[in-house]
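> Residue 155 in full-length UniProt numbering sits at position 155 of the sequence shown; the count goes up by one each step and never skips.
For each residue, glycine too, the CB sits at the ideal point set by N, CA and C.
One structure, pasted below without further comment.
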Amino acid sequence: MTLSKNLSKHFKGVLFGGNWSDSNYRDQLSDVDWQMATSKVAGLNTIAQLVYHATYYLPHIASVLEGGPLQARDKYSWETPDIQSEADWQALLDAVWADAERLIAATAKLPEEQMWADFSDPKYGHYFSNLNGIIEHLHYHLGQIVLLKKLLRVRG
Numbered sequence: 001m002t003l004s005k006n007l008s009k010h011f012k013g014v015l016f017g018g019n020w021s022d023s024n025y026r027d028q029l030s031d032v033d034w035q036m037a038t039s040k041v042a043g044l045n046t047i048a049q050l051v052y053h054a055t056y057y058l059p060h061i062a063s064v065l066e067g068g069p070l071q072a073r074d075k076y077s078w079e080t081p082d083i084q085s086e087a088d089w090q091a092l093l094d095a096v097w098a099d100a101e102r103l104i105a106a107t108a109k110l111p112e113e114q115m116w117a118d119f120s121d122p123k124y125g126h127y128f129s130n131l132n133g134i135i136e137h138l139h140y141h142l143g144q145i146v147l148l149k150k151l152l153r154v155r156g
């Protein structure tokens, strides 16, 4: 299996399942409604904020892999859309799943020789470190989402 296909598999695993940790975004969010997604626990981020932030880069990275410019900005990664209904929450999740599928496909097609090339700008390092970093970032925030769900259920 090529490195590109392997990274694509890891994206798919953390987002849709089939990874060794047996935890993924689709399963963890399948029983979260908009009220749980937007509920605050102490001063922590909400599940909705974490989902938006963790997946903010997916369409932007896919765009670069498809030959476009990097247009993401860290300062926007926490600007979660206003969620006032189940329809709003489902719209966010639908966008996340579509962006995830796009990134998975684009990663699988990335030529191996490009893995070690500069990603968009030399200051960002190479493609591999960016793709692997996004996977690590997704896992990190997935753990937070799991803990928030448990805290919200205990709180009742």
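For HIS139, which residues of its own chain have a beta-carbon under 8 Å away from its beta-carbon, when the five flanking residues on both sides are left out?
Working through the sequence shown from its first residue, we reach residue 139 at position 139. VAL14 and SER21.
> Got a sec, what are the start and stop residues for the alpha helix (DSSP H) GLY143 sits in?
One-based indexing of the sequence shown puts residue 143 at position 143. Counting along the chain, the alpha helix (DSSP H) containing GLY143 begins and ends at 127–155.
> Does the Cβ of SER8 have 16 or more other Cβ atoms within 10 Å, making it buried, or fewer, making it exposed?
Counting from 1 along the sequence shown, the entry for residue 8 is found at position 8. SER8 is classed as buried because its beta carbon has at least 16 other beta carbons within 10 Å across all chains shown.
> Report the CB separation of PHE11 from THR107 in whole angstroms; it is logged as a contact under 8 Å.
Residue 11 sits at position 11 when you count from the first residue of the sequence shown. Residue 107 sits at position 107 when you count from the first residue of the sequence shown. With a Cβ gap of about 6 Å, PHE11 and THR107 count as contacting.
> How far does the alpha helix (DSSP H) with PRO59 in it extend, from its first residue to its last?
Residue numbering aside, residue 59 sits at position 59 when the sequence shown is read from its first letter. PRO59 -> alpha helix (DSSP H) spans 57–65.
> If you count every other CB in all the chains shown that lies within 10 Å of the CB of VAL96, and 16 or more means buried, which is it?
Along the sequence shown, read from residue 1 onward, the residue named residue 96 stands at position 96. Buried, since its Cβ has 16 or more Cβ neighbours within 10 Å.
> Quick one: what does DSSP say ASP94 is sitting in, helix, strand or coil?
Working through the sequence shown from its first residue, we reach residue 94 at position 94. Helix.
> Among the candidates ASN130, GLY43, ALA105 and TYR25, whose CA atom is the shortest distance from the CA of TRP116?
Numbered from 1 along the sequence shown, position 116 holds the residue referred to as residue 116. Of the listed residues, the one whose Cα sits closest to TRP116 is ASN130.
> Taking the C-alpha atoms as reference points, what is the distance between GLU136 and ALA54?
Taking the sequence shown and counting its residues from 1, the one referred to as residue 136 is at position 136. Taking the sequence shown and counting its residues from 1, the one referred to as residue 54 is at position 54. Approximately 10 Å between the Cα atoms of the pair.
> Starting from LEU3 and walking both ways along the alpha helix (DSSP H), at which residues does that stretch end?
By 1-based counting over the sequence shown, the position of residue 3 is 3. For LEU3, the uninterrupted alpha helix (DSSP H) segment begins and ends at 3–16.
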